[in-house]
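Residue numbering for the sequence shown is 10 to 340, as defined by the working numbering.
Quick reminder that beta carbons are idealized off the backbone N, C-alpha and C, glycines included.
To keep things clear, I will list the structure first and then write my remarks on it.
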Amino acid sequence: MTQGLEQLENSGTHIPVLLEEFLTEVSPIEGNWLDGTFGAGGYSKALIAAGANKVIALDCDPEAKKQYCSLPNEYSEKIVFLASWFGNFDQKSEIQAYFPLNGVVLDLGVSSSQFDQGARGFSFNKDGPLDMRMSKRGTTAAELVNQYSESQLADLFYFYGEERAARKIARGIINERKNGPITSTLQLANLIKQFVPNSGKNKIHPATKSFMALRLVVNRELEQLEEGLQAAAKVLRVGGILAIVTFNSLEDRIVKYFLNPIEERNRYFPHEEQKQFPFRVKNSKPIKPTAEEINRNPRARSAKLRVGIRNCIENELAMPSLLPRFRNKFV
Numbered sequence: 010m011t012q013g014l015e016q017l018e019n020s021g022t023h024i025p026v027l028l029e030e031f032l033t034e035v036s037p038i039e040g041n042w043l044d045g046t047f048g049a050g051g052y053s054k055a056l057i058a059a060g061a062n063k064v065i066a067l068d069c070d071p072e073a074k075k076q077y078c079s080l081p082n083e084y085s086e087k088i089v090f091l092a093s094w095f096g097n098f099d100q101k102s103e104i105q106a107y108f109p110l111n112g113v114v115l116d117l118g119v120s121s122s123q124f125d126q127g128a129r130g131f132s133f134n135k136d137g138p139l140d141m142r143m144s145k146r147g148t149t150a151a152e153l154v155n156q157y158s159e160s161q162l163a164d165l166f167y168f169y170g171e172e173r174a175a176r177k178i179a180r181g182i183i184n185e186r187k188n189g190p191i192t193s194t195l196q197l198a199n200l201i202k203q204f205v206p207n208s209g210k211n212k213i214h215p216a217t218k219s220f221m222a223l224r225l226v227v228n229r230e231l232e233q234l235e236e237g238l239q240a241a242a243k244v245l246r247v248g249g250i251l252a253i254v255t256f257n258s259l260e261d262r263i264v265k266y267f268l269n270p271i272e273e274r275n276r277y278f279p280h281e282e283q284k285q286f287p288f289r290v291k292n293s294k295p296i297k298p299t300a301e302e303i304n305r306n307p308r309a310r311s312a313k314l315r316v317g318i319r320n321c322i323e324n325e326l327a328m329p330s331l332l333p334r335f336r337n338k339f340v
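Structure below.
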């Protein structure tokens, strides 16, 4: 067990998915790091315990600010918190004095605490308002569900959720809206169940993909990821580390081709003869949770960790969206 992880476990801190593997992959840890998804502070505290000089912690969720304010002095003195999304973090003047960075870590998706609070609107198992906003500002999931056309809803569920029953679900929502607005998580989840049977082969809840699609659009999560990756390429020092934990195939695909664009036939680069890329992939395959961790935390089952090391070249990765056909249809 690594030093940072052992110290966290002894303090009773919630251990994020793949934290031990992350600490092993990026060791030795030193200098300034950026944690773009602070949450309950698991990664930030582990980085400090493992040797980081400073951690710049970003999070748009007001609940994360409360977690930061409750940190013991041994952590708060070395963690600089900014209430913000991580997209385009290189442009935030409040933290530019800490650049260039030794490392950037992004633990994507929704935290367990966000899922467990029915009032936040992320859970299809607990009733609450159909919200899903991480920052508690902007358009809610209820607004999308009740205002989008049938074709918009079908595209949203299909492209962002990779849901095969997207058209049936969209048609069902339109019909349900004739009886009144859809306002709660369980109301929507129960509606989706009618069109996505929970067969014995299907281990996930029938509403999983549709809820994920709504959440991704409400929070612009894929756009934030693209912007955050671009920012990391600009501010990481040579040899700096970029570590991303993803929880769905859309996120993982973006990270995979950002770190290793040669798999896409150099489509992010204008010159075919270019041989070197902004990042060197540390592992040919993503790192996945152990069976023990999945048994302990079933939500970890889809997690993947990818790590890249910044190369000594000036090129910036001019990365177009991997979702050009439909990204502008939504908020």
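Extent of the continuous beta strand (DSSP E) to which residue i belongs
i    : result
A92  : I88 to A92
F288 : F288 to V290
L27  : Taken as a continuous stretch (DSSP letters only), L27 belongs to no beta strand (DSSP E), as it is neither H nor E.
D116 : L110 to D116
K63  : K63 to D68
D44  : N41 to D44
Beta-carbon proximity of residue i to residue j, cut-off 8 Å
i    : j    : result
G137 : T217 : no
A66  : I88  : yes
G96  : G237 : yes
N155 : G40  : no
R310 : V264 : no
S219 : E172 : yes
Q203 : G181 : yes
V26  : N306 : yes
K297 : K313 : yes
F359 : Y77  : Outside the shown range of the chain, which is 10 to 340, sits residue 359, and nothing can be said about it.
A174 : V205 : yes
S122 : R308 : no
K54  : Y84  : yes
P37  : V244 : no
Cutoff 8 Å; reference residue i; Cβ partners in own chain excluding five residues on either side
i    : result
L117 : T46, E230, L234, I253, V254, T255, F256 and E260
M221 : Y169, G170 and N257
V247 : R319, N320 and C321
P71  : A92, S144 and K145
R224 : V119, F131, M141, A150 and E230
For residue i: DSSP bridge partner residues
i    : result
P138 : S193
L200 : DSSP output for L200 lists no bridge partner at all.
V264 : DSSP output for V264 lists no bridge partner at all.
I250 : G112 and I318
K313 : T255
I296 : L314
Sequence-distant residues of the same chain with beta carbon closer than 6 Å to residue i, five excluded per side
i    : result
A151 : L139 and T192
R176 : A163
A92  : K74
V113 : L43, A241 and L251
A198 : F133 and A216
A128 : G137
V119 : F131
I201 : I178, P215, A216 and S219
G317 : L251, L268, F288 and V290
D68  : F47
Run of the alpha helix (DSSP H) containing residue i, from where it starts to where it stops
i    : result
K145 : Per DSSP, K145 belongs to no alpha helix (DSSP H) and is neither H nor E.
V154 : A150 to Q156
T217 : T217 to V227
L80  : Taken as a continuous stretch (DSSP letters only), L80 belongs to no alpha helix (DSSP H), as it is neither H nor E.
Q239 : E230 to V244
S53  : G51 to A59
G181 : A175 to R186
F124 : S121 to D125
D164 : E159 to D164
Residues of its chain near residue i, where Cβ-Cβ distance is below 7 Å and the 5 sequence neighbours each way are ignored
i    : result
G130 : G137, P138, L139, D140, M141, A150 and T194
R186 : N155
I183 : E159
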